[in-house]
Structure formats: C-alpha cells, structure tokens
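Reading the sequence shown from the start, the letters are residues 676 to 1016 in the numbering used here. Ideal placement from N, C-alpha and C gives every residue a C-beta, glycine not left out. The next block holds one structure in the form of structure tokens; read it before the comments.
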Amino acid sequence: MVDVTNHERISDLTSLVLGGDNISREDAAWLFSLESSADIHDLMAGANRIREHFKGNKIHLCSIVNAKAGACSENCSFCAQSSFHQTGSPKYGFVDPEPVLEAADEANRNNVTAVGLVAAWKGLKEGPMLDEVCDRIRELSNSGKTRADASLGIIKSQAVANRLKEAGLECYGHNLESSKRFFPKHCSTHTYEDRVETIGYLKKAGLKICSGGIIGMGETREDRCDLAFSLKELGANVVPINILNPIKGTPFENNEPLPPMEILKTIACFRFILPKQEIMIAGGRTVNLRDMQSMVFTAGASALMVGNYLTTLNQSVEKDLQMLKDLGLDPNWDKHDFSDQ
Ligand code: SF4
C-alpha cells in the first residue's frame, strides 16, 4: 500500500471540494486534528483556493448596533450582557431611530453591506415591542443605505418571523453557538433545540440565516466539527465565527485563549465543510489574533464584522479597510447577494 502524505491528502481534499463535492465527516475530523505548522499552512492554502474559487476577491462586511443592552434573562456563560453575571456592561432599553440611521450612514460610507440590530433579551413575541422593532427595521431598510439585518433572539411563532420579513428584514442572526453536545455547558435557560426551531420559522418566512458560533469556550475539536456540519445541514447562508474574549465577571473569565494557529485552522476547516457560505470572522478577532488578523482571509474567511462589537472594542473600520486593500481584496459587495447555495 502506498503511504499518502498529509500534504497529498490535504491536496486531494482541496481538489474534491473545488470540484463541487462534499468532504466526509471523517475527513473533516482529520483536518481538525492536524497539529504541525506545515500541515496547517497546507490546509490554509487549500481553504484560500476554495474561498477564491467560490467567492473571488469579494469580502462582505457587516456591522451591528446594540439595539437593547444588558439585563438579559439568559445565562450564556460567555456573555457580558446576562443578568446572571456581574460585568458592569451597560444597560438600556430599545434603541431610538437616530442611532440606527447614523449606523446606516456610516455603513454606506465604508462599503459595509449590512447593519444588524442586536438585542440582549431571550426573544421576541407579538406585541408592542415587536411593533417597535418592525419600525426600526423599516426605517433601516427604507434608508436605502444598507441591508437591514437583525439578531433578536428566540422566536416561537411563524407570525413573528413573517412580520419581520414584511418590515424589510433580509437576514436574521441566530447562532447555534456550539455543538448540540456542548450547548448545555454554556447555557441552561434555553436549549439548542429552541435555536434550531427559531431558524426553522425564519427560513419559512423567507429570511436568510446568519448562524455560527463561538470557539474557545472549552469545546473540543469534535464539537467544532459538529457545529460546522449542523450549520451546513440547517442551510445557514452566513456563518460567523466568534472567538471567546473572556469577560471579567462571566463564568468563562479565566478560559485559556485558543492559540492563533488553532483559530486559523478552525476557520480553514469550516471553509472545507462550508465551501460556498459566507464565513465571517466576528467577535474576539482583535484580542485573539492580534497581528495575525489578516490571515483569516488566507484561512478561507470571506466576511468580516467591522466596527465595535456589542460590549468590546474592535480595531477601526479604516484599519480593516486598509487591511483588505493591502491584501487585494474588495469590500464592494452586492447587498442582496447570498450566492451561497
Ligand atoms: S448571548 Fe444573547 S441570550 Fe445569551 S445572555 Fe447574551 S444577550 Fe442574552
């Protein structure tokens, strides 16, 4: 029997994905298990080719507005906004129209594809709050300056998802956060199944799905691999990868940071499993990757969350735009293009 080197096996898997086939769960688990720097660089080279093949040199940029901050009823262990944790994070009620329209202006100036309204609460039901949320979405959508996206928690009825769509919402952010197996280790006030059910209502309403997770919470590589396959099965259009930024006062405040090469390898593995989706690097990139931030694209990422995150700071949008320019990447993106299928 001829021994196949790691280099050859990675190259064969790259050709398989470039040819339009899916990699198996077993091959994906093997990619996640790679340890040596040489193998991870081979893997990233393959992921970069897959990104270029399916996405060209376009990079999709998104930004968020914290539309309702803090005092959340849920106990997600990574989150500064949970009422279970003492983090000193700001608390305020639902956002007025002005800051949302200012965010739309800023997005328009910086070639940012979408502005997402993000609320720290369990979820959204029918009633006056839904009316107010729909008003903000309508104003954002009617501004014509950006795509109106939102991340508003768990939804338990088709009628709510339909109302959001009618108001002009295009894409809803709802992370699975982790594998089904690991989920109870970071949240016990709602379930993985609640999240999957929400995505079902959103898809039925005709909304695009932005769903990914957080790495560095203590999950295994197998959990990360399972998350990527679950997102593929659910039909996520955009897949944000957040990297835990341990916040003082949360149960994960003392988590060991993931090594940058492990983060880049994870991004590359996601690209092999999800070749056509937008893979977006979101929270935690500045603090975890530092000088290696630009390598997320050569590891296969095709989208970037820019501007400040919900409770932590990011590098400036100008610096991100310069980074893209230096890499020969183009942030001009058709706001309504979800060419991920
Ligand atoms: S992640 Fe969302 S649901 Fe969980 S505590 Fe934070 S704001 Fe609440």
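- Assigned exposure category for N723 - 16 Cβ within 10 Å defines buried: To locate residue 723, count along the sequence shown from 1; it is residue 48. The residue in question, N723, is buried, as its Cβ has 16 or more Cβ neighbours within 10 Å.
query = Hey, would you say the C-beta of C751 is under 6 Å away from at least one heavy atom of the ligand SF4?
reply = Looking up residue 751 in the sequence shown gives position 76. Yes, since a heavy atom of the ligand SF4 falls inside the 6 Å radius drawn around the Cβ of C751.
Requested in this report: May I ask you to report which of helix, strand or coil DSSP gives G798?
Outcome: For this step, residue 798 is matched to residue 123 along the sequence shown. Strand, per DSSP.
Give me the residue from V981, V992, A943 with the minimum Cα distance to I725. In the sequence shown, residue 725 corresponds to position 50, counting from 1. For I725, the nearest C-alpha among the options comes from A943.
Hey, quick one: how far does the beta strand (DSSP E) through S738 stretch, first residue to last? As a working mapping, residue 738 is identified with position 63 in the sequence shown. Here the beta strand (DSSP E) through S738 covers 735-743.
Is it a yes or a no for the region 889-904 touching the region 942-958, going by three-plus beta-carbon pairs under 8 Å? yes
Three-way DSSP call (helix, strand, coil) for L815 in this model = Within the sequence shown, numbered from 1, the residue matching residue 815 stands at position 140. The answer is helix: DSSP assigns L815 an H, G or I state.
Given a threshold of 16 other Cβ atoms within 10 Å of its Cβ, counted over all protein chains shown, does E683 qualify as buried or as exposed? Working through the sequence shown from its first residue, we reach residue 683 at position 8. Label assigned to E683: exposed.
Q) Who does S757 pair with in a DSSP beta bridge? A) Looking up residue 757 in the sequence shown gives position 82. C747, per the DSSP bridge assignment.
Notebook entry, point to check: Is any heavy atom of the ligand SF4 found at a distance shorter than 6 Å from the C-beta of S757?
Noted result: Within the sequence shown, residue 757 is the residue found at index 82, counting from 1. S757: yes, Cβ under 6 Å from the ligand SF4.
Reducing DSSP to helix, strand and coil, say where S1017 ends up. Only positions 676 to 1016 of the chain appear in the structure, and residue 1017 is not among them; the question remains open.
Margin query: Using CA atoms only, rank isn't needed, just tell me which of G888, I874, H865 is closest to L882.
Written below: On the sequence shown, residue 882 is found 207 positions in, with the first residue counted as 1. Of the listed residues, the one whose Cα sits closest to L882 is I874.
**Message:** By the three-class DSSP mapping on this structure, what secondary structure does D771 have?
**Reply:** What you label residue 771 is simply residue 96 of the sequence shown in a count that begins at 1. Coil.
(request) In angstroms with no decimal places, state the Cα-to-Cα distance between L1002 and D806. (result) As a first step, residue 1002 must be located in the sequence shown, where it is residue number 327. As a first step, residue 806 must be located in the sequence shown, where it is residue number 131. Near 43 Å, if we compare the C-alpha coordinates of D806 and L1002.
ask   = Among the residues of its own chain, which have a CB less than 6 Å from the CB of S816, if the five just before and after it don't count?
value = In the sequence shown, residue 816 corresponds to position 141, counting from 1. Only A823, G843 meet the Cβ criterion.
**Study point:** In DSSP terms, what Y876 is bridged to
**Key:** If you number the sequence shown from 1, residue 876 lands on position 201. For Y876, which the question treats as bridged, DSSP gives no partner whatsoever.
(message) I believe A957 touches M980 by the beta-carbon criterion, under 8 Å. Please report the beta-carbon distance rounded to the nearest angstrom.
(response) Mapped onto the sequence shown, residue 957 falls at position 282. Mapped onto the sequence shown, residue 980 falls at position 305. Between M980 and A957 the Cβ distance is about 4 Å, and since that is below 8 Å, they are a contact.
- Message: Between C885 and the ligand SF4, is there a pair consisting of the residue's CB and a ligand heavy atom that are separated by less than 6 Å?
- Response: By one-based count along the sequence shown, residue 885 stands at place 210. No; taking the cut-off as 6 Å, the Cβ of C885 has no heavy atom of the ligand SF4 nearer than that.
Q: Look at the Cβ atom of G848, then the Cβ atom of G791, and state whether they are nearer than 7 Å.
A: For the purposes of this step, residue 848 is taken as residue 173 along the sequence shown, with counting starting at 1. For the purposes of this step, residue 791 is taken as residue 116 along the sequence shown, with counting starting at 1. For G848 and G791, yes; Cβs fall inside 7 Å.
Kindly provide the ranges of any beta strand (DSSP E) runs that are 3 or more residues long and lie completely inside the region 929-998, ordered along the chain. 953-956, 978-980
* The beta strand (DSSP E) with A911 in it runs from where to where? -> On the sequence shown, position 236 is the one that residue 911 refers to. From DSSP, A911 is part of no beta strand (DSSP E); its letter is neither H nor E.
Open item on the list: Could you check if A795 belongs to the surroundings of the ligand SF4, using beta carbon to heavy atom distance under 6 Å?
Closed with: In the sequence shown, counting from the first residue as 1, residue 795 sits at position 120. Correct: A795 has its Cβ closer than 6 Å to the ligand SF4.
### Task
Verify the CB distance criterion: does P765 have a CB-CB separation below 7 Å to chain B?
No chain B appears in the structure shown, which is made up of a single protein chain.
Measuring from the CB of C809, is there a heavy atom of the ligand SF4 at a distance below 6 Å? Position 134 of the sequence shown, counted from the start, is the residue given in the question as residue 809. No; taking the cut-off as 6 Å, the Cβ of C809 has no heavy atom of the ligand SF4 nearer than that.
Quick check on the burial criterion: 16 or more other C-beta atoms within 10 angstroms. Buried or exposed for G694? What you label residue 694 is simply residue 19 of the sequence shown in a count that begins at 1. It is exposed - the Cβ of G694 has fewer than 16 other Cβ atoms within 10 Å.
Three-way DSSP call (helix, strand, coil) for L792 in this model: In the sequence shown, the residue the question calls residue 792 occupies position 117. Of the three classes helix, strand and coil, the one that applies to L792 here is strand, per DSSP.
Helix, strand or coil for E710, going by three-state DSSP, please let me know.
On the sequence shown, residue 710 is found 35 positions in, with the first residue counted as 1. DSSP places E710 in coil when its eight states are reduced to three.
message = I'd like to check one pair, G893 with H760: are the Cβ atoms closer than 7 Å?
response = For the purposes of this step, residue 760 is taken as the residue at position 85 of the sequence shown. For the purposes of this step, residue 893 is taken as the residue at position 218 of the sequence shown. Not a contact, by the Cβ cut-off of 7 Å.
* Asked: Whose C-beta lies closer than 8 Å to the C-beta of N1007 among residues of the same chain, with five residues either side of it excluded?
  -> As a position in the sequence shown, residue 1007 is number 332, starting the count at 1. Only K733, N786 meet the Cβ criterion.
To the nearest angstrom, report how far apart R856 and P915 are at their CA atoms.
One-based indexing of the sequence shown puts residue 856 at position 181. One-based indexing of the sequence shown puts residue 915 at position 240. Using only the alpha carbons, I get a separation of about 20 Å.
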